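Residue numbers (my numbering), protein chains in the order written: chain S, 239 to 495; chain C, 239 to 495. Glycine included, every Cβ here is placed at the ideal spot set by N, Cα and C. None of the values given here were measured: they were computed from a predicted structure.
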């Protein structure tokens, strides 16, 4: 199924930008009168009939709209430190979008080697992954912030602490998880499977550290702000694999039997 | 932790091949007397003391051996059709090895576009992924066979049919799953999560089809041979993402709470 993407759908009129218009008219040779399918990136898929087939700006009339098209029954925000190799991060966002992702935040940790991040490129990958996996919603890619800024930014919200352990319903906000690799007797980590299993809400934030892991300070700050320390099982996973494993944990948690 | 790989460990003597020896002596500058860690690819990690530091062939004396080093509590054989783009398959085997994989079989389906496959390259990736994720065992990469040959090759074995549905213990052999995307009223698909949850054995084979999916004939042949048809949830996944999702399903199935 061939999908177009437009942020400009209003009053029953859908406009494609220059790239999408060129692809629609020059490559796929669509003409006025043809029906096309367009996602707005916010969750809705529109069936539209082309009214103007200009390769510079296609206009189409909305015929039918399907909200929450290809949606998933939870909200997942992955905050993942950039990998040394950009491809690995880009691979992660593509796969995460295919499975089910709502927001991605590149976070820079104290032990991060890479501190620059191309959000625009990630946005492009997310749009094509959403089209490819037939989803009306394109995950939001945020600008990079430090781990500390991210933790403080989502502070206050959170089912957090015992809430989730006791099967909290997340009324207090999202379930906030931090995955790190070191052991800390004072705050033993539980498996992400166990913590997600005991959570009855549907709003999840997961923090994944850089190759050098989170610093003790970052982990403590997270815990003080309601993040639950988790592990991802016994395997030693690369940053991007750990991140996708967490995405899969949420995907399976909410999968119908 | 820096690991070497050798298939030549016998009688308390470990020999590194030319590549590993060069890396050990020229790059890492190890000398006679140094201790190194070596995996045999079959699950054991050896602590060895170098006795000869020739860059052409390092010899070392085994000091200590740790069997089932970095192992996982199940056996997983993924039979996955080659992707159009090789990188995607190579990415899959790397990630699958990190999470937990025992065997990978490239299988050529009736709808497969790609029918050539470089097993040697996949083996290289598996060795470095096993080293990187600290596993003593390197998954076995088989030569390509057709889907039909693969199904008939594992026929006879299998917990299969209702066995797993009823929580079969796999006494009959491995649990054999086939993931395809079309619906067939006669044989409704169950979720991989449900089928794995009801399986008490630890030996699993999963068949993942090509971009064009399995043919009806292939699906029927698989079912006749004890494969259980499963789906991987509501998301539309690329071949390599579907394959890794199945690997993650097994990883979480056997993860301790």
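Query	Result
CB contact check: residue 475 of chain C to chain S, cutoff 8 Å	yes
Rounded distance between the beta-carbons of residue 367 of chain C and residue 227 of chain C, thought under 8 Å	Because chain C here runs from 239 to 495, residue 227 of chain C falls outside it and cannot be looked at.
8 Å Cβ cutoff, residue 351 of chain S in contact with chain C	no
8 Å Cβ cutoff met for residue 343 of chain C and residue 383 of chain C	yes
Buried or exposed by the 16-neighbour rule on C-beta atoms within 10 Å, applied to residue 455 of chain C	exposed
Candidates C:466, C:459, C:436: closest to residue 444 of chain C by CA position	C:466
Closer than 8 Å to chain S by CB, residue 283 of chain C	no
Residue burial classification, residue 266 of chain C (beta-carbon count within 10 angstroms, cutoff 16)	exposed
Alpha carbon of residue 446 of chain S to alpha carbon of residue 482 of chain S, nearest angstrom	10 Å
For residue 371 of chain S, the residue or residues it bridges with in DSSP	Its beta-bridge partners do not exist; DSSP assigns none.
Distance between residue 453 of chain S and residue 297 of chain C (C-alpha atoms, nearest Å)	39 Å
8 Å contact criterion, which residue 249 of chain C and residue 374 of chain C should meet: CB distance rounded	Not quite, the Cβ-Cβ distance comes to about 19 Å (not below 8 Å), so this is no contact.
Minimum Cβ-Cβ distance from residue 337 of chain C to chain S less than 8 Å	yes
Assigned secondary structure, residue 488 of chain C (DSSP; H/G/I helix, E/B strand, else coil)	helix
Selection from C:295, C:274, C:293 that minimises the alpha carbon distance to residue 287 of chain C	C:274
Stretch-stretch touch, CB-based, cutoff 8 Å, three pairs: the stretch 419-436 of chain C with the stretch 316-336 of chain C	no
Spatial neighbours of residue 369 of chain S in its chain, beta-carbon cut-off 6 Å, leaving aside the 5 residues before and after	241
Rounded Cβ spacing between residue 413 of chain S and residue 468 of chain S (contact assumed at less than 8 Å)	10 Å between Cβ atoms; not a contact.
Residue 431 of chain C: contacting residues in chain S (beta-carbon distance under 8 Å)	490, 493, 495
Beta strand (DSSP E) segments (min. 3 residues) lying fully within the stretch 286-326 of chain C	295-304, 313-318
For residue 364 of chain C and residue 485 of chain C, believed in contact at Cβ under 8 Å, the rounded distance	With 8 Å as the limit, residue 485 of chain C and residue 364 of chain C do not qualify as a contact, their Cβ atoms being about 13 Å apart.
Within-8 Å CB hit, residue 415 of chain S to chain C	no
Residue 372 of chain S versus residue 395 of chain S - alpha carbon distance	31 Å
Residues of its chain near residue 376 of chain C, where Cβ-Cβ distance is below 7 Å and the 5 sequence neighbours each way are ignored	279, 364, 365, 368
Among S:253, S:361, S:350, nearest to residue 385 of chain S - alpha-carbon criterion	S:350
Beta strand (DSSP E) runs wholly inside the stretch 434-468 of chain C, at least 3 long, in chain order	441-446
Simplified DSSP state of residue 411 of chain C, which is helix, strand or coil	coil
Contact list for residue 304 of chain C against chain S, beta-carbon separation under 9 Å	Going along chain S, no residue has its Cβ under 9 Å from residue 304 of chain C, so there is no contact; the nearest lies around 15 Å.
Contacts of residue 487 of chain C in chain S (Cβ-Cβ under 7 Å)	490
Proximal chain S residues relative to residue 241 of chain C, where beta-carbon distance stays under 7 Å	Correct list: empty, because the minimum Cβ distance to chain S is about 11 Å.
Partner residues on chain C for residue 372 of chain S, Cβ-Cβ distance less than 7 Å	474
Span separating the alpha-carbon of residue 277 of chain S from that of residue 244 of chain S	6 Å
Check whether residue 301 of chain S and residue 326 of chain S have beta carbons under 8 Å apart	no
Status (buried if at least 16 other CB within 10 Å, exposed otherwise) for residue 246 of chain S	exposed
With 16 other Cβ atoms within 10 Å as the buried cut-off, status of residue 257 of chain S	exposed
Exposed unless 16 or more other CB atoms sit within 10 angstroms - verdict on residue 402 of chain C	Model confidence at residue 402 of chain C stands at a pLDDT of 45, short of 50, so the residue's coordinates are unreliable; what they give is reported in the following sentence. Buried, by the Cβ-count rule.
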